[in-house]
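Note that my numbering has the sequence shown beginning at 11, numbered continuously upward. Note that CB positions come from ideal geometry on N, CA and C, so glycine has one too. A quick note: this is a predicted structure, and the numbers were derived from the prediction, not measured. Some notes on the structure that comes next.
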Amino acid sequence: MAHEAVLRKTVPVGGKNDSYCPNSVMLLPDRPITFGRIISPDVSVRLTSKTAPLMISRRHATVSVSAGKWTIVDHEVHDDFLSNLVQKILSYSTKTWAISKASMSIFICIFQSLNGVFINRNRIQPSIPHLLEPGDRVVFGVGVNSNTPEFEYVFEHIARGRKRCADSSLLSNKDSSVKQRKIFRESGGYVMVPFSTDHPAVHEAISVAEEKIQKLKASLEEKEKCHADVVLQLEKTEKELQTKLLDQKATLEKEKHELEGALKTLFAEKLMEKEEQLNQELKSQKESLIEEKKLVEMQLQEELKKQLQEKDKQLENQLTQQKEALEQVIAEKEARQNMLHIELENYKASQARMQDLEANERKMESTLQELRQIVESKTKELLKQQEETKRVEEVARKTVIEQMEDEFSCIICQDLFINSTTLPCAHSFCEYCLMSWLQKKNNCPICRQPIVGRPVRSLVLDNAIAKMVESMDEETKTRRQTVTQEREELKRGNILQNAVIIIDG
11 MAHEAVLRKT VPVGGKNDSY CPNSVMLLPD RPITFGRIIS PDVSVRLTSK
61 TAPLMISRRH ATVSVSAGKW TIVDHEVHDD FLSNLVQKIL SYSTKTWAIS
111 KASMSIFICI FQSLNGVFIN RNRIQPSIPH LLEPGDRVVF GVGVNSNTPE
161 FEYVFEHIAR GRKRCADSSL LSNKDSSVKQ RKIFRESGGY VMVPFSTDHP
211 AVHEAISVAE EKIQKLKASL EEKEKCHADV VLQLEKTEKE LQTKLLDQKA
261 TLEKEKHELE GALKTLFAEK LMEKEEQLNQ ELKSQKESLI EEKKLVEMQL
311 QEELKKQLQE KDKQLENQLT QQKEALEQVI AEKEARQNML HIELENYKAS
361 QARMQDLEAN ERKMESTLQE LRQIVESKTK ELLKQQEETK RVEEVARKTV
411 IEQMEDEFSC IICQDLFINS TTLPCAHSFC EYCLMSWLQK KNNCPICRQP
461 IVGRPVRSLV LDNAIAKMVE SMDEETKTRR QTVTQEREEL KRGNILQNAV
511 IIIDG
């Protein structure tokens, strides 16, 4: 025969903000106990989390005794219910798990549960029975945000037959004595109750307490069932209201489109009716004025016949004035009609011109785009040709300058002539270089012939060299200008020195 067992909560609950769960669950051999989240005939013990309402499934576990052995059975969730739960919460899986007693041991089976069941902080594998020994800690679900799990229980055995197996002599000696034993209450605490072993009041008190517990449990189940029905009714009402709202929105959109079309049609019809009405009024006014004119003329003619001759002129003048006024009114009406007709024709012509202008504008834009592409290509070709021409000119200029430098360089200073001076032998040198040479020797530095005549300045060479220097870079120009200034200063110094020597002599 299976012994009774109990699941005791490691941390008893009783506060206002605590989760709804019993502090201890008695496991009776003669009655299976089912754990779940809802109140129903199939659920005996309700576990409700305050932090994660879907931590426990609808039918989470069933504990029963079969052939003297405890078994733990997992209840699998249907696919449609699982899909609804996944849509509501992503952090937990509400697949059911179950507990059943198959022997004096406890086995736990898990089927695809993300929250899982833990034995001594080790998560058990799905679809594999696991042994649960007395003293093991069983956790249903997981802790939220790394906190302590809400549903952590310790499995224990209850051995009630131990006192009945005592010696009868010992029991007879202690019949008059009052024993103390601990009775575990629903709140999770212990209370010391005096009782006699065979006292009938103890059995009666236990029966009354169990009856009150069953009544309270039935009342609580009924209230929770009503609450669940109200929640379902509210969800159903909300869905119906959303459906009605969508239908009304679609109807209003349809009516809106229909009214817009009707207004456009009515506006066009009213415009045509107004135009036709104006034409009819203009025509009727014209006819009435003509008839009125004829009537007035007839009346005037009759009056002219009856009146005296002295008023003949006055009547004629009045008739003339009235005739002119009527003609003016008719002319104004005709002019108004013509103006309206002209405006209508102008409007039609302007519309046609506008369409032509738009077509021409699109054509011109296309042509302008093509012209821009052509201009860009031509510009690129022109820039390329300019760069090529510039490069060729630069190469030619450098070649000419190098050749001229070879021809117009002084053999003494190896630089372009500065104040070029030509000897009778036709060789040219810088003026300063030649004077410095003549102070040492009296022959030509190139051909070594004696210098007979006086050296002559060559302005042609100076001008050619000056034009050639203008096409050189700024650094060359600056260097030549500096050398020229230095030689001028040296030349003036030599002249002063020679003058001093002549005076001393």
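Contact between the segment 461–475 and the segment 423–435 is present, with at least three C-beta pairs closer than 8 Å. When rounded, the separation of the alpha-carbon atoms in Q243 and E166 is 42 Å.
With at least 16 other beta carbons inside 10 angstroms of its own, T431 counts as buried. In this chain, the beta strand (DSSP E) harbouring T432 covers 430–432. By the Cβ test, the segment 462–471 is in contact with the segment 430–447, since at least three Cβ pairs between them sit closer than 8 Å. At a Cβ-Cβ threshold of 8 Å, E234 and I49 count as neighbours.
N130 is classed as exposed because its beta carbon has fewer than 16 other beta carbons within 10 Å across all chains shown. Restricting attention to K60, W80, P51, A62, the CA atom closest to the CA of R69 is found in P51. Using a C-beta cut-off of 8 Å, the segment 260–277 makes no contact with the segment 315–335, since fewer than three inter-stretch Cβ pairs fall below that distance. Taking a 10 Å sphere around the C-beta of N356, we find fewer than 16 other C-beta atoms and assign the residue as exposed. In this structure, E160 is the residue among T409, E160, V339 with its C-alpha nearest to the C-alpha of V23. In the DSSP assignment, E14 is bridged to I168. Annotated three-state conformation of S481 is coil, per DSSP.
Within the segment 444–495, the alpha helix (DSSP H) runs of at least 4 residues that lie entirely inside it are, in chain order, 469–480. Contact annotation, V127 with V149: C-beta distance approximately 7 Å; criterion of less than 8 Å satisfied. Going by DSSP, F418 is part of no beta strand (DSSP E) at all; its letter is neither H nor E.
One Cα belongs to S419, the other to K450, and the distance between them is close to 21 Å.
Rounded to the nearest whole angstrom, the C-alpha separation of Q383 and Q361 is 33 Å. When rounded, the separation of the alpha-carbon atoms in E285 and K249 is 54 Å. As computed with DSSP, E162 is found in a beta bridge with V149.
Measuring C-alpha to C-alpha distances from R41 to each of T61, K60, V21, A15 identifies A15 as the nearest. Annotation: E214 to N155 spans about 47 Å, alpha carbon to alpha carbon. DSSP places M36 in no alpha helix (DSSP H) but in the uninterrupted beta strand (DSSP E) bounded by 34–37. S438 is bridged by DSSP to T432. Beta bridge pairing from DSSP links R363 with no other residue.
As DSSP reads the structure, Y30 sits in a beta bridge with T58. Annotated as distal: I461 and H437, with beta-carbon spacing of 8 Å or more. A residue is called buried when at least 16 other Cβ atoms come within 10 angstroms of its Cβ; G151 meets this threshold and is buried. Bounds of any beta strand (DSSP E) do not take in I300; it lies within the alpha helix (DSSP H) bounded by 210–316. T330 is the residue among L292, Q324, T330, Q290 whose C-alpha sits nearest the C-alpha of V306.
Remark: C-beta atoms of L310 and L292 do not approach each other more closely than 8 Å. Ranked by Cα distance from I168, the options C31, N289, M36 are led by M36.
Comparing C-alpha distances from Y442 to each of E496, K274, E302 shows the shortest one belongs to E496. In this structure, the beta-carbon distance from T486 to V479 falls below 8 Å.
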